Amino acid sequence: EFYPGEYFLYVGERGYCKNFPYVCRFISEYIKIHKQRNLIIAGGPNFTKNEKKEIKKMGLPENNIFHLKDLETKELRILYSNSLCLLIPSIYEGFGLPALEAARCKALVLSSKGGALEEILGPSEYAFDLSKKNDCSRVIDLGLQNDSAKTEIERTYKKSLLFSWDKAARDYLKIYKKLLKLEKNEK
């Protein structure tokens, strides 16, 4: 069983750009100060040998890591909504859909600074500066279940409302019509 607010969540692939070792480092730092928490990984392939080594190196008990595959959208929403936070410390992110989904489900999102994630979520004290060695500790010190975290959750939720598939389709249609108009004027 997974209890609300008692687990970290990681969603998707774990390739180089997704920075899974940073997730392991963050949880390792967290459990030095706070009680052990589970890590739920939603989706992605089985663990590689290198990932297993990283998990062991960081002192994370394997029995606290759960890999769930083939989740339905409803199940993923439940995981987002009940997580302690979503961890998404990507080095590079194409769009950052898991961050947007988590924010829409009113989950605390711990992402990396800059790029698409900052564009989606806005600047945040809860974002990792990947260039700083001890930034995990700084984010942990902010608190993940206090008033500051609640304020951050509300802020990112409001920001997430700026994005929707309907809006994306309308914006795309405007661009398409504009291009057609330009092409027509060139003839």
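Numbering (the numbering used here), first residue to last: 4 to 190.
Glycine residues also receive a C-beta, built at the ideal position from the N, C-alpha and C atoms.
All figures in this text were calculated on a predicted structure; none of them were measured in a lab.
Every beta strand (DSSP E) of 3 residues or more that sits fully in the segment 9–35 is shown, in chain order, as 10–14. Close CB contacts of D174 within its chain, under the 8 Å cut and outside five residues either way in sequence, are absent. With contacts defined by Cβ atoms closer than 7 Å, Y95 and L113 do not form a contacting pair.
V142 is not bridged by DSSP to any residue. One thing to note: L120 has its Cβ within 7 Å of the Cβ of G99. In the displayed model, L89 falls within a strand according to three-state DSSP. A residue is called buried once 16 or more other Cβ atoms fall within 10 Å of its Cβ, and F23 is buried on that count. The distance from the Cβ of E57 to that of R17 is about 10 Å, inconsistent with a contact at the 8 Å cut-off. Between the segment 33–43 and the segment 58–75 there are three or more C-beta pairs closer than 8 Å, enough to call the two in contact. Secondary structure of S84 (DSSP, three-state): helix.
DSSP places N41 inside the beta strand (DSSP E), whose first and last residues are 41–45. When DSSP states are grouped into helix, strand and coil, S134 belongs to the coil group.
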